[in-house]
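Remarks on the structure that follows.
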Ligand code: DOR
Ligand code: ZN
């Protein structure tokens, strides 16, 4: 049993933002109220001895629903040298995430029920964040044959995606949207026309020209966003657009929503925090796909967040080894390691920078993803699972290779000090992280 006192609770699902006391019993939120006294707590929890209740002073801190990240690469099975489900789910709770969706671009690709079950079970064995598999749309990511969606859904998948690769064949995407309706799950689309993208390694523009790097035009993303929302409209299927990064994509999604199409989308914080102007030939930690946007695109992304066109934040946590990221820019793999630094970076630069409110940040990372993917959590309502984060907006930490639970260090914040971190994380009422350290589970 737990009593968190005098903490600023932010729970957008119940429009709550204010000082409260929170009680937890048997892994669930049992009450939220103002200024509880010992007698209240005894009555609500039905106990005599108040010593049985762990009391936490929350003054000056925030309590959020555990954050939900719908876009994480955990690399297991197959590339456990970069990350595995244990290290990735430890990194998640250290970053304030109590539920994560694991993408299917592993080796082998998650395209069968047994593989989805493996991911889910490895998540349970790790005992940290809740790990939900996202299964492939096409067998082996080949773009030619759909997976057995109903069967894989029964194995625990909550979405389908060939993320890492765009589905090039429009008829394949149309069929996927049609079949996915039976499962109730969205298709998550990594929108990238591979012919337009070519072998580019950053956004095409003045900076790519100056650096002598092949560029990826914004249209490589936006043409596929247009295609996929039209197909979702025609089939009545659910589409979720991953990592939106261009102005045109935001405009197309805004129009599609106005047309009544069942579309949601996410933006990755790195697309809000950096632009193509930040790219340097040696800074491969900023090599990411889709590539960092122009300033104009970034403004459109912020506008899309402000008016509700963009539904959620998601990290696209993409761990890679040091050796690979040490290659020349054009040869290094795409991806940013994000789970453990992203909340601080967003809080410090966007929430306290006035670009997003703290309520928006929590909403975009809790209730919105929970609703879209039909997940438990995302709120601290009475009776909900006690997935919670105690957040200290003043806590400062320097990001070092040793401090990270992730196996990889490909973050642009390595060696830098950030401010604003989770200091306690609970999953189903179990304390899994305290004072920035993982609590091993029995
Ligand atoms: O930057 C990225 N890294 N974008 C993707 O779409 C895939 C990901 C990865 O798997 O490394
Ligand atoms: Zn992707």
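Numbering (this note's numbering), first residue to last: 0 to 441. Glycine included, C-beta positions come from ideal geometry on N, C-alpha and C.
Where do the ends of the beta strand (DSSP E) carrying residue i lie?
i, result
"residue 101", "96 to 101"
"residue 134", "129 to 134"
"residue 364", "It is not in any beta strand (DSSP E) - residue 364 instead sits in the alpha helix (DSSP H) that spans 357 to 364."
"residue 391", "387 to 397"
"residue 16", "15 to 24"
"residue 424", "416 to 426"
"residue 430", "429 to 433"
"residue 32", "27 to 32"
"residue 160", "Residue 160 -> no beta strand (DSSP E), and no H or E assigned at all."
"residue 188", "186 to 188"
Would the beta-carbon of residue i be found less than 6 angstroms away from any heavy atom of the ligand ZN?
i, result
"residue 162", "yes"
"residue 189", "yes"
"residue 125", "no"
"residue 128", "no"
"residue 317", "no"
"residue 255", "no"
One question on the structure: do residue i and residue j come within less than 7 angstroms of each other, judged by their Cβ atoms?
i, j, result
"residue 234", "residue 371", "no"
"residue 350", "residue 360", "yes"
"residue 427", "residue 26", "yes"
"residue 16", "residue 358", "yes"
"residue 210", "residue 280", "yes"
"residue 51", "residue 102", "no"
"residue 112", "residue 139", "no"
"residue 332", "residue 319", "yes"
"residue 392", "residue 373", "no"
"residue 135", "residue 109", "yes"
"residue 440", "residue 126", "yes"
"residue 311", "residue 367", "yes"
"residue 212", "residue 200", "yes"
"residue 204", "residue 150", "no"
"residue 195", "residue 219", "yes"
"residue 64", "residue 365", "yes"
"residue 324", "residue 356", "no"
First and last residue of the alpha helix (DSSP H) that includes residue i?
i, result
"residue 42", "37 to 44"
"residue 258", "Run containing residue 258: none; DSSP gives neither H nor E here."
"residue 228", "218 to 234"
"residue 112", "112 to 125"
"residue 151", "148 to 153"
"residue 442", "Examination of residue 442 is not possible in this model, given that the chain is present from 0 through 441 alone."
"residue 193", "193 to 196"
Would you identify the three-state DSSP class for residue i, choosing helix, strand or coil?
i, result
"residue 84", "helix"
"residue 53", "strand"
"residue 317", "coil"
"residue 5", "strand"
"residue 93", "helix"
"residue 63", "strand"
"residue 281", "coil"
"residue 440", "coil"
"residue 166", "coil"
"residue 239", "strand"
"residue 69", "strand"
"residue 252", "helix"
"residue 370", "helix"
"residue 295", "helix"
"residue 345", "helix"
"residue 377", "coil"
"residue 177", "helix"
"residue 105", "coil"
"residue 209", "helix"
"residue 300", "helix"
"residue 410", "coil"
"residue 58", "coil"
"residue 311", "strand"
"residue 265", "strand"
"residue 325", "coil"
"residue 12", "helix"
"residue 384", "strand"
"residue 201", "strand"
Please work out which residues of its chain come closer than 6 angstroms, Cβ to Cβ, to residue i, disregarding the five sequence neighbours upstream and downstream, and give them in chain order.
i, result
"residue 28", "379, 381, 383 and 385"
"residue 400", "408"
"residue 93", "339, 404 and 432"
"residue 58", "5"
Tell me which residues share the same chain as residue i and place their Cβ nearer than 7 angstroms to its Cβ, disregarding the 5 neighbours each side in the sequence.
i, result
"residue 165", "189, 190, 191, 192, 193 and 223"
"residue 19", "6, 8, 31, 32 and 33"
"residue 228", "238, 251, 252, 255, 260 and 262"
"residue 301", "271 and 354"
Beta carbon of residue i: closer than 6 angstroms to some heavy atom of the ligand FMN?
i, result
"residue 287", "Absence of the ligand FMN from the depicted structure is noted, with the ligand DOR and the ligand ZN being the only ligands included."
I'd like to confirm something about residue i: is its beta-carbon nearer than 6 angstroms to some heavy atom of the ligand DOR, or not?
i, result
"residue 72", "yes"
"residue 334", "yes"
"residue 104", "yes"
Under 8 angstroms Cβ to Cβ from residue i, same chain only, skipping five residues before and after it: list those, please.
i, result
"residue 299", "245, 246, 249 and 250"
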